[in-house]
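Novice: What follows is a structure written as structure tokens; I'll ask about it next.
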Amino acid sequence: MKRFSEKYISAKDMDWEELGGGVSRKFLGYDNQIMMVSVKFDKGALGSPHQHFHTQATYCVSGKFEFEIDGVKKIVEAGDGVYIEPNLLHSAICLEEGQLIDTFSPVREDFLSGDGVSYFGDKE
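Everything in the sequence shown is counted per UniProt numbering, starting at 1 for the first residue and increasing by one.
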């Protein structure tokens, strides 16, 4: 991961990471308290049901998604935001190719180590 200082990451210098299943991501910035990640989805790509102890807020940049959070389904489109409480089971399916900005608190250490991508499918 390229950094332009000890504390900051330049997203322009980051490469997209292929997660498999039509999903890729790029870290936009993080420290030990918060993490922002851009996630691109091909139509039909799935974020399988999962849960984590992190607070999550997601902004839909483009596309159309069906989110299911704690058993409740909602359609999310460009300009919409979603809040996901810690430990709630949630998933998303991409209905129209799109991009999400996910923000987590605290930082997703599992993402940094590469261990936290199993709900997007296998890396190709």
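Glycine included, every Cβ here is placed at the ideal spot set by N, Cα and C.
When DSSP labels each residue in this structure, what does D70 get in the three-state scheme?
Specialist: Coil at D70, not helix or strand.
Novice: Would you tell me roughly how many angstroms separate the C-alpha atoms of H54 and S105, rounded to the nearest one?
Specialist: Cα-Cα distance, rounded: 5 Å.
Novice: If we require 3 or more residues per run, which beta strand (DSSP E) segments fall completely within the segment 5–51?
Specialist: You should have 17–20, 23–30, 35–41, 46–50.
Novice: Whose C-beta lies closer than 7 Å to the C-beta of C94 among residues of the same chain, with five residues either side of it excluded?
Specialist: Contacts found: F41, D42, K43, G44, A45, G63, F65.
Novice: Sort out for me which residues DSSP pairs residue 136 with in a bridge.
Specialist: Within the shown structure, residues of the chain are numbered from 1 to 124, placing residue 136 beyond reach of any answer.
Novice: So with Cβ pairs under 8 Å, would you call P49 a contact of chain D?
Specialist: Among the chains of the structure shown, chain D does not appear; only one protein chain is present.
Novice: Can you give the Cα-Cα distance for L112 and V23, rounded to whole angstroms?
Specialist: Answer to the nearest angstrom: the Cα atoms are 17 Å apart.
Novice: For E109, which residues in the same chain have their Cβ closer than 6 Å to its Cβ, ignoring the five residues on either side in sequence?
Specialist: For E109, where only same-chain residues beyond five positions count, there are no Cβ hits under 6 Å.
Novice: Where do the N-terminal and C-terminal ends of the beta strand (DSSP E) with V82 fall, by residue?
Specialist: Per DSSP, V82 belongs to the beta strand (DSSP E) from 81–84.
Novice: To the nearest angstrom, how far is it from the Cα of G29 to the Cα of V39?
Specialist: If you take the alpha carbons of G29 and V39, they lie about 13 Å apart.
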